[in-house]
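Visitor: Chains A and B, in that order, are what the protein sequence lines are.
Sequential numbering from 3 applies to the first sequence in this note's numbering.
Sequential numbering from 3 applies to the second sequence in this note's numbering.
There are 2 protein chains.
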Amino acid sequence: MINEPEYVSIMDKDHNKLVVIMVGLPARGKSYISNKIRRYFTWIGYNAKMFNVGNYRRKFFKNSFNDHKFFDSRNEDTRNLREKLAISVLDELIEWTLNTSGRTISIFDATNTTKLRRKALVDKLEKKCINYLFLESICKKKDVIEKNLQMKLQNDDYKNMDVEKAIDDFRKRLQHYEKIYETIDEEECVSYMKIIDVQRSFNISKIDTHLKFEVCNFVMNININSGKFYVSRHGQSVDNVNKTIGGNSRLTVNGRGYSTKLFTHIHNCGDDIDVVFTSTLKRTIETSKPFLKKYKVINKKLLDEIDAGICDGMSYKEIKLIYPEISKKREEDKLNFRYPYGESYRDIIDRIKHFILELERTDDTVLIITHTAVLRCILGYFVDEKLEDIPYMDVPLHKLFKLTPDKNKYKVTGVQLK
Amino acid sequence: MINEPEYVSIMDKDHNKLVVIMVGLPARGKSYISNKIRRYFTWIGYNAKMFNVGNYRRKFFKNSFNDHKFFDSRNEDTRNLREKLAISVLDELIEWTLNTSGRTISIFDATNTTKLRRKALVDKLEKKCINYLFLESICKKKDVIEKNLQMKLQNDDYKNMDVEKAIDDFRKRLQHYEKIYETIDEEECVSYMKIIDVQRSFNISKIDTHLKFEVCNFVMNININSGKFYVSRHGQSVDNVNKTIGGNSRLTVNGRGYSTKLFTHIHNCGDDIDVVFTSTLKRTIETSKPFLKKYKVINKKLLDEIDAGICDGMSYKEIKLIYPEISKKREEDKLNFRYPYGESYRDIIDRIKHFILELERTDDTVLIITHTAVLRCILGYFVDEKLEDIPYMDVPLHKLFKLTPDKNKYKVTGVQLK
Numbered sequence: 003m004i005n006e007p008e009y010v011s012i013m014d015k016d017h018n019k020l021v022v023i024m025v026g027l028p029a030r031g032k033s034y035i036s037n038k039i040r041r042y043f044t045w046i047g048y049n050a051k052m053f054n055v056g057n058y059r060r061k062f063f064k065n066s067f068n069d070h071k072f073f074d075s076r077n078e079d080t081r082n083l084r085e086k087l088a089i090s091v092l093d094e095l096i097e098w099t100l101n102t103s104g105r106t107i108s109i110f111d112a113t114n115t116t117k118l119r120r121k122a123l124v125d126k127l128e129k130k131c132i133n134y135l136f137l138e139s140i141c142k143k144k145d146v147i148e149k150n151l152q153m154k155l156q157n158d159d160y161k162n163m164d165v166e167k168a169i170d171d172f173r174k175r176l177q178h179y180e181k182i183y184e185t186i187d188e189e190e191c192v193s194y195m196k197i198i199d200v201q202r203s204f205n206i207s208k209i210d211t212h213l214k215f216e217v218c219n220f221v222m223n224i225n226i227n228s229g230k231f232y233v234s235r236h237g238q239s240v241d242n243v244n245k246t247i248g249g250n251s252r253l254t255v256n257g258r259g260y261s262t263k264l265f266t267h268i269h270n271c272g273d274d275i276d277v278v279f280t281s282t283l284k285r286t287i288e289t290s291k292p293f294l295k296k297y298k299v300i301n302k303k304l305l306d307e308i309d310a311g312i313c314d315g316m317s318y319k320e321i322k323l324i325y326p327e328i329s330k331k332r333e334e335d336k337l338n339f340r341y342p343y344g345e346s347y348r349d350i351i352d353r354i355k356h357f358i359l360e361l362e363r364t365d366d367t368v369l370i371i372t373h374t375a376v377l378r379c380i381l382g383y384f385v386d387e388k389l390e391d392i393p394y395m396d397v398p399l400h401k402l403f404k405l406t407p408d409k410n411k412y413k414v415t416g417v418q419l420k
Numbered sequence: 003m004i005n006e007p008e009y010v011s012i013m014d015k016d017h018n019k020l021v022v023i024m025v026g027l028p029a030r031g032k033s034y035i036s037n038k039i040r041r042y043f044t045w046i047g048y049n050a051k052m053f054n055v056g057n058y059r060r061k062f063f064k065n066s067f068n069d070h071k072f073f074d075s076r077n078e079d080t081r082n083l084r085e086k087l088a089i090s091v092l093d094e095l096i097e098w099t100l101n102t103s104g105r106t107i108s109i110f111d112a113t114n115t116t117k118l119r120r121k122a123l124v125d126k127l128e129k130k131c132i133n134y135l136f137l138e139s140i141c142k143k144k145d146v147i148e149k150n151l152q153m154k155l156q157n158d159d160y161k162n163m164d165v166e167k168a169i170d171d172f173r174k175r176l177q178h179y180e181k182i183y184e185t186i187d188e189e190e191c192v193s194y195m196k197i198i199d200v201q202r203s204f205n206i207s208k209i210d211t212h213l214k215f216e217v218c219n220f221v222m223n224i225n226i227n228s229g230k231f232y233v234s235r236h237g238q239s240v241d242n243v244n245k246t247i248g249g250n251s252r253l254t255v256n257g258r259g260y261s262t263k264l265f266t267h268i269h270n271c272g273d274d275i276d277v278v279f280t281s282t283l284k285r286t287i288e289t290s291k292p293f294l295k296k297y298k299v300i301n302k303k304l305l306d307e308i309d310a311g312i313c314d315g316m317s318y319k320e321i322k323l324i325y326p327e328i329s330k331k332r333e334e335d336k337l338n339f340r341y342p343y344g345e346s347y348r349d350i351i352d353r354i355k356h357f358i359l360e361l362e363r364t365d366d367t368v369l370i371i372t373h374t375a376v377l378r379c380i381l382g383y384f385v386d387e388k389l390e391d392i393p394y395m396d397v398p399l400h401k402l403f404k405l406t407p408d409k410n411k412y413k414v415t416g417v418q419l420k
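What follows is the structure, given as structure tokens:
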């Protein structure tokens, strides 16, 4: 049996490194998008890293910034400083990209609003034969810009400033950028994607590798009005009591009790659930039973528990006894370990990744009733858990997790239903 | 257990009818794209139908067309005729859309190259509250246009004409269209996707429903340089001999013999295989063994056989005896029948559809070693088999199928390896 956890697709065997270069005025959600790309591609197995030029500036040039004049392009001193900074962050990005083994996505998160700046970036990247894709966020919707602007007031540039003064200063900073802003055009001859007015319109040009396509496809799925998700394991099953893994046993009385409590709890929350998903195994379907009265319930095979292959139906104790080698290998690398003729955590991520994209896109409220390993992979994605730690996340029976969109991440709250 | 074979996604519960309106000069691949959309969406469970205005014209106005002058917009008579024809085909499309239950995609395949024409279509559709999406194919690549032009010579307009004369006439027809061609612009305020120079660049605007998104996503995956695919079941397994379904048995001596023959056959074909896919079950992995020496072999759970649920490990005879109800239901509707705690053919399509998109996108040569039901779903898609007939396709053991792109379809050839 071949372990191929790093395999994502048929295509692009030779293009497994990509630099994503953000373009756009301040407060256009560039960091929001960058962060989502980093999170998703990390989760599906890339080495993904963001390089935010603003953060570097705030860290290394603390004293150079006083107010918006820093961003005035007529100010030669600060202009040179900013140029130099951008290039040195790019150098760091290039170094990281070349020195990181495997498939990498490096995101250069800065305004990059002039052709001259972009040309400088492209020249450097092409010298190193690194593939790149420009992602330009164009937004003229006043309400979105205002919302993003409020977020800006929380960063270090403004945290000790009077709010009104800060807003005024930020608006002036915006004007400096607007004066010199040049949108990407065909003459630049680069691969690009433009996101226009938050996710309804896109211009996509020269997508010549599979990885660029994957990034564009992901970005098309991002929704700024994210949905709200409830996630839980099934109620206690007979196999849970017997401490065996896999199988397809029914719920215990205790487990059926959870099913009722789960329904009552969600009903009392006042959240209107749009759809309930379960796996195709008895224990999740039984758990969803009370929901049938009121909600649409869908059984999805892709939500089935990790396939334990030859260990299906055994307890961990038995596995250790009969297949000590399996126990050992699993302990050494729980993320990549694939049960013989079964699955690994990586395999689960591969099987649910399109489902995650649907969740990214929806603004519905969704309840998912699934199993330990699948629940960990779902939660791990939304709370941005370190990949190696996902197989160890604490997801006890009869605990309901609620995921609520919160800035660039999801806030998770858990309640043990007793 | 809930049967939900028609379920595709979380979103768009209320937008399950869409009209796709093609736009573009002749010989820009509009029918090619239309056909692919029809085929894919039919396969995933939509009622999808193409309405090609050219075919209607050739059928009903046989005698009006003599040469390119028919398409000259200064020719008032034929212009009126063409207007009338387009509208009456649209009427037929609307009628079909409204009278077809369930989720529908209707494709209006015509040039629709003027704002006036598009306005007329939109007015009619909006009156009936039908959602629509424009798909404009823009292509300036001479080689592609020339290739498409050659295809045109095979249609009824030119089949009795001298080749050179036909080409000359078609070029003149093109010029008539070019004179009046107006590309879609923002002022028209419609949802659209522009496909620019065959699949590398796209403009996508106002995609406000999930179904429009799905169509755009599919179109982005279309590749005119399609890959070549070999597909086969595993070699004979112990369970095959015992006539039981499901399970995870190994190959028989006979089965291992097929594995060697398969390798030799493909090796001798001279086709350079880029990647071999198997399921995660022993019988396909064993079949792929000889390929390990030379090729990249990937085991994919999504290629596993249909999950027979409570019938796993039984013979059809036993099922009929123990679960006569299951046997009966399965016979009545093999496509939708889901084994209790298992899967239906529809479920398989749902599980492999993203894999099919990857195959659509690749130009690689791929060998897939899988199982009866999955093989039928894959073949069924590529050869455009009627959905209800897919579960009955003849896919004997030890037969290798080869799929080669051929115009709008795939040509399938099968060879029994003895």
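By construction, the Cβ of each residue, glycine as well, lies at the ideal position given by its N, Cα and C atoms.
Here the structure is a predicted model, which is why all the values come from computation and not from measurement.
Taking Q177 of chain A as part of the alpha helix (DSSP H), name the residues at either end of that continuous run.
Guide: The sequence position of residue 177 of chain A within the first sequence is 175, counting from 1. First-last of the alpha helix (DSSP H) with Q177 of chain A: 165-182.
Visitor: Should the segment 44-62 of chain B be regarded as contacting the segment 84-91 of chain B, the criterion being three or more beta carbon pairs within less than 8 Å?
Guide: Touching, per the Cβ criterion.
Visitor: Using a Cβ-Cβ cut-off of less than 7 Å, give me the residues of the segment 330-347 of chain A that come near chain B, in sequence order.
Guide: Y343, E345
Visitor: From the DSSP output, in three-state form, read off E138 of chain B for me.
Guide: Position 136 of the second sequence holds residue 138 of chain B. Reduced to three states, the DSSP call for E138 of chain B is strand.
Visitor: Reducing DSSP to helix, strand and coil, say where A29 of chain B ends up.
Guide: Translated into the one-based positions of the second sequence, residue 29 of chain B becomes position 27. The answer is coil: DSSP assigns A29 of chain B none of H, G, I, E or B.
Visitor: Does any residue of chain B bring its CB to less than 9 Å from the CB of S90 of chain A?
Guide: As a position in the first sequence, residue 90 of chain A is number 88, starting the count at 1. Not closer than 9 Å to any Cβ of chain B, the Cβ of S90 of chain A fails to qualify, so no.
Visitor: Less than 9 Å between CB atoms is the rule here; does S11 of chain A satisfy it with respect to chain B?
Guide: On the first sequence, position 9 is the one that residue 11 of chain A refers to. With a pLDDT of 45 at S11 of chain A, under the threshold of 50, the modelled position of that residue is not reliable, and the figure given next carries that caveat. Interface residue, yes.
Visitor: Does any residue of chain A have a CB that is nearer than 9 Å to the CB of T262 of chain B?
Guide: The residue you call residue 262 of chain B lines up with position 260 of the second sequence. With respect to chain A, the C-beta atom of T262 of chain B has no partner C-beta closer than 9 Å.
Visitor: Measure the C-alpha to C-alpha separation of I132 of chain A and E188 of chain A and round it to an integer number of angstroms.
Guide: In the first sequence, residue 132 of chain A corresponds to position 130, counting from 1. In the first sequence, residue 188 of chain A corresponds to position 186, counting from 1. E188 of chain A has its alpha-carbon roughly 20 Å from the corresponding atom of I132 of chain A.
Visitor: Hey, quick one: how far does the beta strand (DSSP E) through T282 of chain B stretch, first residue to last?
Guide: For the purposes of this step, residue 282 of chain B is taken as residue 280 along the second sequence, with counting starting at 1. Here T282 of chain B belongs to no beta strand (DSSP E), and DSSP marks it neither H nor E.
Visitor: Hey, T106 of chain B and Y42 of chain B are a contact pair by Cβ (cut 8 Å); roughly how many whole angstroms apart?
Guide: Residue numbering aside, residue 106 of chain B sits at position 104 when the second sequence is read from its first letter. Residue numbering aside, residue 42 of chain B sits at position 40 when the second sequence is read from its first letter. About 14 Å; that fails the 8 Å criterion.
Visitor: Cutting at 6 Å between CB atoms, please list the residues of its own chain near V299 of chain B, excluding the five before and the five after it.
Guide: What you label residue 299 of chain B is simply residue 297 of the second sequence in a count that begins at 1. Hits under 6 Å: V278, S290, F293.
Visitor: Report yes if the CB atom of M195 of chain A is closer than 9 Å to the CB atom of L123 of chain A, and no otherwise.
Guide: Residue numbering aside, residue 195 of chain A sits at position 193 when the first sequence is read from its first letter. Residue numbering aside, residue 123 of chain A sits at position 121 when the first sequence is read from its first letter. Not closer than 9 Å, so no.
Visitor: Could you tell me which of B:G229, B:H400, B:V243, B:K19 sits nearest to T102 of chain B, measuring between CA atoms?
Guide: Counting from 1 along the second sequence, the entry for residue 102 of chain B is found at position 100. Of B:G229, B:H400, B:V243, B:K19, the residue nearest in Cα terms is B:K19.
Visitor: Please identify the residue among B:Y297, B:T246, B:I268, B:L137 whose C-alpha is closest to the C-alpha of I186 of chain B.
Guide: Position 184 of the second sequence, counted from the start, is the residue given in the question as residue 186 of chain B. Taking only the C-alpha atoms, the option nearest I186 of chain B is B:L137.
Visitor: Could you check if E216 of chain A is buried or exposed, using at least 16 other CB atoms within 10 Å of its CB as the buried criterion?
Guide: Counting from 1 along the first sequence, the entry for residue 216 of chain A is found at position 214. In the assembly as shown, E216 of chain A is a buried residue. Its beta-carbon has 16 or more other beta-carbons within 10 Å.
Visitor: Straight-line CA distance for I380 of chain B to H70 of chain A?
Guide: Position 378 of the second sequence, counting from 1, holds the residue named residue 380 of chain B. Position 68 of the first sequence, counting from 1, holds the residue named residue 70 of chain A. Whole-angstrom Cα-Cα distance: 59 Å.
Visitor: For I428 of chain B, tell me which candidate among B:N225, B:V192, B:D199, B:F220 has the shortest Cα-Cα distance.
Guide: An answer regarding residue 428 of chain B cannot be provided, because it is not within the stretch 3 to 420 covered by chain B.
Visitor: Considering only their Cβ atoms, is the gap separating I308 of chain A from T374 of chain A smaller than 9 Å?
Guide: Counting from 1 along the first sequence, the entry for residue 374 of chain A is found at position 372. Counting from 1 along the first sequence, the entry for residue 308 of chain A is found at position 306. Against a cut-off of 9 Å, the Cβ pair of I308 of chain A and T374 of chain A comes out as a contact.
Visitor: Would you verify that the beta carbon of L405 of chain B is, or is not, closer than 9 Å to some beta carbon of chain A?
Guide: Position 403 of the second sequence holds residue 405 of chain B. No, L405 of chain B lies away from the interface with chain A (no Cβ there is under 9 Å from its Cβ).
Visitor: At a CB-CB cut-off below 9 Å, which residues of chain A make contact with K296 of chain B?
Guide: As a first step, residue 296 of chain B is located in the second sequence; it is residue number 294 there, counting from the start. The premise fails here: K296 of chain B is roughly 14 Å from chain A at the closest Cβ pair, so nothing lies under 9 Å.
Visitor: Cβ of K284 of chain A less than 9 Å from any chain B Cβ?
Guide: In the first sequence, counting from the first residue as 1, residue 284 of chain A sits at position 282. Yes - at least one Cβ of chain B is within 9 Å of the one on K284 of chain A.
Visitor: What are the boundary residues of the beta strand (DSSP E) that includes N49 of chain A?
Guide: Here residue 49 of chain A is taken as the residue at index 47 of the first sequence, counted from 1. Where N49 of chain A is concerned, the enclosing beta strand (DSSP E) starts and stops at 49-54.
Visitor: Can you list, in chain order, the residues of its chain whose CB lies under 6 Å from that of A50 of chain A, leaving out five sequence neighbours each side?
Guide: Counting from 1 along the first sequence, the entry for residue 50 of chain A is found at position 48. The residues are R40, F43, T44, I107.
Visitor: Buried or exposed for I268 of chain B, going by 16 or more other Cβ atoms inside 10 Å?
Guide: Along the second sequence, one-based indexing puts residue 268 of chain B at 266. By the neighbour-count rule (16 or more Cβ atoms within 10 Å), I268 of chain B is buried.
Visitor: Taking the beta carbon of T286 of chain A as the centre, do at least 16 other beta carbons fall within 10 Å, making it buried, or is it exposed?
Guide: Looking up residue 286 of chain A in the first sequence gives position 284. Under this definition T286 of chain A is a buried residue.
Visitor: Give me, in chain order, the residues of the same chain whose beta-carbon lies closer than 6 Å to that of T315 of chain B; leave out the 5 immediate sequence neighbours on both sides.
Guide: Within the second sequence, residue 315 of chain B is the residue found at index 313, counting from 1. According to the sequence shown, residue 315 of chain B is Gly rather than Thr. Taken in chain order, the residues that qualify are T246, G248, G249.
Visitor: If you check the beta carbons only, do S203 of chain B and D111 of chain B fall under 9 Å apart?
Guide: Within the second sequence, the letter at position 201 stands for residue 203 of chain B. Within the second sequence, the letter at position 109 stands for residue 111 of chain B. For the 9 Å CB-CB criterion, S203 of chain B and D111 of chain B do not form a contact.
Visitor: Would you tell me roughly how many angstroms separate the C-alpha atoms of K303 of chain A and V243 of chain A, rounded to the nearest one?
Guide: The count along the first sequence starts at 1 and reaches residue 303 of chain A at position 301. The count along the first sequence starts at 1 and reaches residue 243 of chain A at position 241. Rounded to the nearest angstrom, the two C-alpha atoms are 24 Å apart.
Visitor: Sort A:M395, A:G272, A:N301 by Cα distance to T282 of chain A and report the nearest one.
Guide: As a first step, residue 282 of chain A must be located in the first sequence, where it is residue number 280. It is A:N301 whose Cα lies nearest to the Cα of T282 of chain A.
Visitor: If you drop the 5 nearest sequence neighbours on each side, which residues of the same chain put their C-beta closer than 7 Å to that of T262 of chain A?
Guide: For the purposes of this step, residue 262 of chain A is taken as residue 260 along the first sequence, with counting starting at 1. So the list reads P292, once near-sequence residues are dropped.
Visitor: Using a C-beta to C-beta distance shorter than 8 Å, which residues of chain A count as neighbours of K208 of chain B?
Guide: Within the second sequence, numbered from 1, the residue matching residue 208 of chain B stands at position 206. Result: R202, S203.
Visitor: In whole angstroms, what is the alpha-carbon distance linking T364 of chain A and L405 of chain A?
Guide: The count along the first sequence starts at 1 and reaches residue 364 of chain A at position 362. The count along the first sequence starts at 1 and reaches residue 405 of chain A at position 403. When rounded, the distance between both Cα atoms is 14 Å.
Visitor: Hey, is T99 of chain B close to the ligand SAH, as in C-beta under 8 Å from one of its heavy atoms?
Guide: The ligand SAH is absent from the structure shown, which contains no ligand whatsoever.
Visitor: Give the DSSP bridge partners of F403 of chain A, in chain order.
Guide: Numbered from its first residue, the first sequence carries residue 403 of chain A at position 401. Residue pairing of F403 of chain A in beta bridges, as defined by DSSP: A:V233, A:G416.
Visitor: Roughly how many angstroms separate the alpha carbons of G257 of chain A and P407 of chain A, rounded to a whole number?
Guide: Numbered from 1 along the first sequence, position 255 holds the residue referred to as residue 257 of chain A. Numbered from 1 along the first sequence, position 405 holds the residue referred to as residue 407 of chain A. Approximately 30 Å between the Cα atoms of the pair.
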